[in-house]
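Enquirer: Got a structure for you, questions after.
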Amino acid sequence: MALCSIDLGSEEVVTDLYSWPNIPDSTEPLGSTVLHWFNQTLQRDGADDVTATVRLFQSHYLLELDGPADAQSVCDIYAARLPVFLKNGLAALSEVVPEIEASGRWNPDPTNPGDVWRFFLPLGLPMANQRTVQFFHYPPIRLLNPMRDYLNDPVPVRVEEMLRANGVPRGSEALYECVMDAAPIAAPDDQGSKKSPKGDPKWGLIPIQDFTAYQKAQVDLLLNDAPGQDGYTIPIMVYGSHPRDIFNLDFSPTPLLKANVAGSAAIVAGKTTAVAATNHPYMFYAVAQGGANVGSGEIAPDADRAKLTSLMVSDLAAVRWQVVMADDPSQDPAAALAAATAYWADASRSTMVQALIEHQGSLYYPNADALTFTFKVPCPDFCAG
0 MALCSIDLGS
10 EEVVTDLYSW
20 PNIPDSTEPL
30 GSTVLHWFNQ
40 TLQRDGADDV
50 TATVRLFQSH
60 YLLELDGPAD
70 AQSVCDIYAA
80 RLPVFLKNGL
90 AALSEVVPEI
100 EASGRWNPDP
110 TNPGDVWRFF
120 LPLGLPMANQ
130 RTVQFFHYPP
140 IRLLNPMRDY
150 LNDPVPVRVE
160 EMLRANGVPR
170 GSEALYECVM
180 DAAPIAAPDD
190 QGSKKSPKGD
200 PKWGLIPIQD
210 FTAYQKAQVD
220 LLLNDAPGQD
230 GYTIPIMVYG
240 SHPRDIFNLD
250 FSPTPLLKAN
260 VAGSAAIVAG
270 KTTAVAATNH
280 PYMFYAVAQG
290 GANVGSGEIA
300 PDADRAKLTS
310 LMVSDLAAVR
320 WQVVMADDPS
330 QDPAAALAAA
340 TAYWADASRS
350 TMVQALIEHQ
360 GSLYYPNADA
370 LTFTFKVPCP
380 DFCAG
């Protein structure tokens, strides 16, 4: 008998919530798609001893989890959390998306013929044992099609390297990468920053302002209690300007967040959540290689080296803040961010900072349409894991 059985919903609901088929014209069965994403969650939660299967029962898809007796506790978390996660997603899909479509704001200004937007929840991420939540803008569509992996992208890879540089062991990085995107819309890279008369004057093309109920519900759901710290949750890092602005509206942190500002918010009843904001990690690539040449494999000759160094120190400090606040969320968030910044700004670590700049500044796409990527300069030992 399975440790737990989770009702995911009808075929129609599961089809929509798992963006099936992930790749158009794929012949993969719906149940296999569910398993693809949930097996990633199990791996990233460190729940390797749990086995997942999917079966159809009375027109509903059931996710059944089995494993040793000591896996019961993590299975109970999934049984409680996954249905709510999907319910929140269904509310966004059925109540918010139709309003966006009806007002002509769904994919109103595609850059290239064939560019599409698709509904896409943050699937395949830790949902039980996460140590921090990362609040982002929206997922690039390639994470759904064809990558089928929320973390197979230069942005999370860059964050993972900085996590290892701050002492997180290889294999544990995903516990700090419980990503919550402000909009469950998979769209091309340029849609978040594109200046368009068809976009909202404040928010741009991606209508994150319509998803505030979804944002509040999912963040509340994903904020684990801090282990051993009564009255606190795990911390949140907010990446980028639009996410920062909507987070301030949603949760009214003290102080209101700006880049490189930390404070606290009351999100879960009776708990305090440490929060901080920083630049979007992609900014480093754009400054290093030039916005139109990201993926060139080298730092641009005219790149502003002083700005690159400042960005790298700031980004490393933001990641360090996540790590130290995950260890002890009761400490002062602003003081912890100042200490993390001082740590990476120390002259004794300048060589490490510059080595990471050279490595991450060598991001390389083999061709203009390539979805795979590499770095021409190897990762330094201190962040290679």
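Residue numbers for the sequence shown follow numbering that gives the first Met the number 0, so the first one is 0 and each next one is one higher. Backbone N, C-alpha and C define an ideal beta-carbon position, used for all residues, glycine too.
(1) Assuming V260 contacts A275 under a Cβ cut-off of 8 Å, what Cβ separation, rounded to an integer in Å, is found between them?
(2) Which term fits A335, buried or exposed, when burial requires 16 or more other beta carbons within 10 angstroms of its beta carbon?
(3) According to DSSP, is L62 part of a helix, a strand, or is it coil?
(4) Rounded to a whole number of angstroms, what is the C-alpha to C-alpha distance between G113 and P187?
(5) Thinking C-beta only, is Y363 closer than 8 Å to F374?
(6) So if DSSP puts V238 in a beta bridge, which residue, or which two residues, is it bridged to?
(7) Taking the alpha-carbon of V318 as reference, which of T277, F135, N223 has the nearest alpha-carbon?
(8) What is the residue span of the alpha helix (DSSP H) that F381 lies within?
(9) Check T232 in the structure and name its three-state DSSP category.
(10) If I follow the unbroken alpha helix (DSSP H) through D44, where does it start and stop?
(11) Can you tell me the Cα-Cα spacing of S195 and L29, whole angstroms?
(12) What residue range does the alpha helix (DSSP H) around A335 cover?
(13) Can you say whether F56 is buried or exposed, counting buried as having 16 or more other CB atoms within 10 angstroms of its CB?
(14) Let me make sure I understand the geometry here. Which of K201, V158, L142 has the alpha-carbon closest to that of N151?
(15) Which residue marks the beginning of the beta strand (DSSP E) containing I76, and which one marks its end?
(16) Note the first and the last residue of the continuous alpha helix (DSSP H) segment covering M179.
(17) Taking a contact to mean a Cβ-Cβ separation below 8 Å, would you say T131 touches P252 in this structure?
(18) Taking the CB atoms as reference points, tell me whether Q129 and N223 lie closer together than 8 Å.
(19) Under three-state DSSP, which class holds R54?
(20) With a floor of 4 residues, list each alpha helix (DSSP H) that falls wholly inside the region 171-226, ordered by position along the chain.
(21) Note down, in chain order, each residue of its chain lying with its Cβ closer than 8 Å to the Cβ of H136, except the 5 sequence neighbours on either side.
(22) Which of helix, strand or coil does DSSP assign to S102?
(23) Check the DSSP bridge columns for P121 and list the partner residues they point to.
(24) Could you give the DSSP three-state label for I5: helix, strand or coil?
(25) State whether the region 155-171 contacts the region 113-126, with contact taken as three or more CB pairs (one from each stretch) at a distance under 8 Å.
(26) Taking only the alpha-carbon atoms, compute the straight-line gap between V115 and V13 and give it to the nearest angstrom.
(27) Ordered along the chain, which non-local residues of its own chain (more than five positions away) have a Cβ less than 6 Å from that of Q214?
Expert: Result, derived from the coordinates:
(1) 7 Å
(2) buried
(3) L62 falls in the strand class under three-state DSSP.
(4) 11 Å
(5) The beta carbons of F374 and Y363 sit closer together than 8 Å.
(6) Looking at the sequence provided, one finds Tyr at residue 238 rather than Val. Note: Y238 sits in a beta bridge opposite T277.
(7) Looking only at T277, F135, N223, the smallest Cα-Cα distance to V318 is reached by T277.
(8) 380-383
(9) strand
(10) 29-44
(11) Each residue's Cα considered, the two are about 37 Å apart.
(12) 332-344
(13) exposed
(14) A check of alpha carbon separations from N151 across K201, V158, L142 identifies L142 as the nearest.
(15) Here I76 belongs to no beta strand (DSSP E); instead the alpha helix (DSSP H) covers 71-90.
(16) Segment 177-180 is the beta strand (DSSP E) holding M179; no alpha helix (DSSP H) there.
(17) In this structure, P252 does not lie closer than 8 Å to T131 by Cβ.
(18) yes
(19) strand
(20) 211-221
(21) Here the set comprises D180, A181, A182, G191, I205, I207, Y238, G239, H241, P242, H279.
(22) coil
(23) DSSP output for P121 lists no bridge partner at all.
(24) strand
(25) No, because fewer than three Cβ pairs between the region 155-171 and the region 113-126 fall closer than 8 Å, the two stretches do not touch.
(26) 21 Å
(27) Once the five neighbours on either side are set aside, the close Cβ partners of Q214 are A181, D249.
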